[in-house]
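The listed protein sequences derive, respectively, from chains A and B.
Using this note's numbering, read the first sequence as starting at 4 and increasing by one per residue.
Using this note's numbering, read the second sequence as starting at 735 and increasing by one per residue.
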Amino acid sequence: DAGVTQSPTHLIKTRGQQVTLRCSPKSGHDTVSWYQQALGQGPQFIFQYYEEEERQRGNFPDRFSGHQFPNYSSELNVNALLLGDSALYLCASAAGAGTGELFFGEGSRLTVL
Amino acid sequence: DQQVKQNSPSLSVQEGRISILNCDYTNSMFDYFLWYKKYPAEGPTFLISISSIKDKNEDGRFTVFLNKSAKHLSLHIVPSQPGDSAVYFCAASAEYGGSQGNLIFGKGTKLSVKP
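Here's what the structure looks like:
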């Protein structure tokens with residue numbers, strides 16, 4: 004049983020560019036959350052998707068947007084990249100409209116130059 | 735303004751001894767607390783949780799204690815093993831029984847268990 008899978012694992016972008024990160028939830032899970040983990044910090048909640056809609060959102064600007072597909076997979080899009088967007092982006096999935104335990108993927112390491 | 739604080743960036747313990755990791759929080763609305771463990775190049779994995787209606791929860795070698803009046807929780811690992819060496823994150827939620835999606839994490843404590 005595959006867990007949460009994320010792609011790409013590493014990527015490098017330049018300031019002003021746009022990036023799309025992808026996540027496939029654990030089998031049987033219908034809720035996907037995205038977190039940003041900057042170096043030396045704990046993960047910070049970006050937003051959560053359930054039934055293809057954004058249910059909750061953390062304190063992130065509109066440059067951060069997402070999408071959930073009918074198969075429950077999800078994308079995180081970041082526009083107009085800033086140097087401060089360099090971080091590990093973690094996807095987490097859960098079952099039962101998010102009431103179950105969160106399972107995290109290994110993350111996508113984004114470097115903005 | 736950090737709502738969940740782990741004031742010890744690192745902790746070193748001898749194998750077989752007790753490891754105590756501490757966490758403080760400021761938001762009195764938090765009513766569900768979790769500990770996650772993270773190895774390098776892996777995502778965080780859930781370890782143990784406690785709700786605000788309890789003051790202790792135990793799972794094998796891991797016990798979490800909650801002191802609501804002090805807004806403090808701690809994770810005890812007894813006995814500590816070298817495989818426990820990892821970064822431990824304390825997390826909190828104001829949605830007990832609801833979504834675990836919106837968790838507030840501390841900065842983590844790196845535990846090193848020496849053989």
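All C-beta atoms, glycine included, are put in the ideal place defined by N, C-alpha and C.
Computed from a predicted model, the values in this text were never measured in an experiment.
Beta carbon proximity, residue i to chain B, threshold 9 Å
i      : result
Q59/A  : yes
V81/A  : no
E78/A  : no
Q21/A  : no
P46/A  : yes
Q71/A  : no
L105/A : yes
T34/A  : yes
V7/A   : yes
G43/A  : yes
Beta-carbon separation (whole angstroms), residue i vs residue j, contact threshold 8 Å
i      : j      : result
E109/A : T34/A  : Contact flag wrong, Cβ pair sits at about 19 Å.
L113/A : D88/A  : 7 Å
V821/B : T843/B : 7 Å
Q59/A  : Q51/A  : 5 Å
L14/A  : S111/A : 7 Å
Proximity winner among the options, relative to residue i (alpha-carbon distances)
i      : options                           : result
F107/A : Q39/A, E54/A and L85/A            : Q39/A
T69/A  : A5/A, E78/A and G61/A             : Checking the displayed sequence, the identity of residue 69/A turns out to be Gly instead of Thr. Closest option to G69/A, Cα to Cα, is E78/A.
Q736/B : G840/B, K848/B, V847/B and L845/B : G840/B
L86/A  : F72/A, G31/A, T17/A and Q71/A     : T17/A
N74/A  : Q9/A, S10/A, P28/A and G61/A      : P28/A
D789/B : N801/B, D765/B, Y766/B and F823/B : N801/B
D793/B : I782/B, S786/B, H806/B and S819/B : I782/B
CB of residue i within 9 Å of CB of residue j, strictly
i      : j      : result
V115/A : Q47/A  : no
S808/B : L745/B : no
A826/B : F764/B : yes
Proximity test, Cβ basis, 9 Å: residue i and chain A
i      : result
F839/B : yes
E776/B : yes
F764/B : no
Y770/B : yes
N741/B : no
F780/B : yes
The stretch 20-38 of chain A / the stretch 736-744 of chain B touching (three or more Cβ pairs under 8 Å): The answer is no - the stretch 736-744 of chain B does not touch the stretch 20-38 of chain A, with fewer than three Cβ pairs under 8 Å.
Inter-stretch contact at 8 Å, needing at least 3 Cβ pairs: the stretch 812-819 of chain B / the stretch 89-98 of chain A: No contact exists between the stretch 812-819 of chain B and the stretch 89-98 of chain A.
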